[in-house]
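Below is one structure; the comments refer to it alone.
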Amino acid sequence: MAKRGGFPGGGGMPGNMANLMKQAQKMQRQMEEQAKEMETKEFSATAGGNAVEVTVSGNREVKAVKLQEEVVDPDDIEMLEDLIVAATNEALRKVDEASSSAMSQLTGGGGGLPGMF
1 MAKRGGFPGG GGMPGNMANL MKQAQKMQRQ MEEQAKEMET KEFSATAGGN AVEVTVSGNR
61 EVKAVKLQEE VVDPDDIEML EDLIVAATNE ALRKVDEASS SAMSQLTGGG GGLPGMF
């Protein structure tokens, strides 16, 4: 007489569930490694024809701001402020892009565990 209920093959997790758990653990380790790697990277962007350069870390901290002498005009502080904002936003966009690209590589572009959906 056949058993009712439960999973085929006796007790414990079925093979597919065990494989999914292993994949999830592997992906978590890869994500942690990727996060550590991102922290060590730096992303730079410029604005105003390279008059302003901003460098940020992979964990979104501003590391450096470089200004060309000609962009420092005491009569036009607003332009300098705008260029710094533009360069900073572009550098942060590069961080987001690199992070999304790395995540896409881990998930196979599907946004979930391999083999799901």
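Every letter in the sequence shown is one number past the one before it in the UniProt record's numbering, and letter 38, counting from 1, is 38.
C-beta: ideal position from N, C-alpha, C; glycine also.
Pairwise C-beta distances place the region 18-31 out of contact with the region 54-61, as fewer than three of them are shorter than 8 Å. Excluding residues up to 5 positions away in sequence, 55, 56, 57, 58, 63 lie with their Cβ nearer than 8 Å to the Cβ of residue 42 in the same chain. Taking 9 Å as the cut-off, the Cβ atoms of residue 47 and residue 86 count as close.
A direct Cα-to-Cα measurement between residue 75 and residue 106 gives close to 50 Å.
Here the alpha carbons of residue 92 and residue 72 stand approximately 23 Å from one another.
In its chain, beyond the 5 residues on either side, 45 have a beta carbon closer than 6 Å to the beta carbon of residue 90. Shown here, residue 26 sits in a helix according to DSSP, grouped into three states. The C-beta distance from residue 51 to residue 78 rounds to 14 Å, too long to fall under 8 Å, and the pair is not in contact. Look at residue 51 here: in three-state DSSP terms it is coil, with no helix or strand label. Nearest in C-alpha terms to residue 104, of all of 37, 39, 82, 31, is 31. The three-state secondary structure of residue 61, taken from DSSP, is coil.
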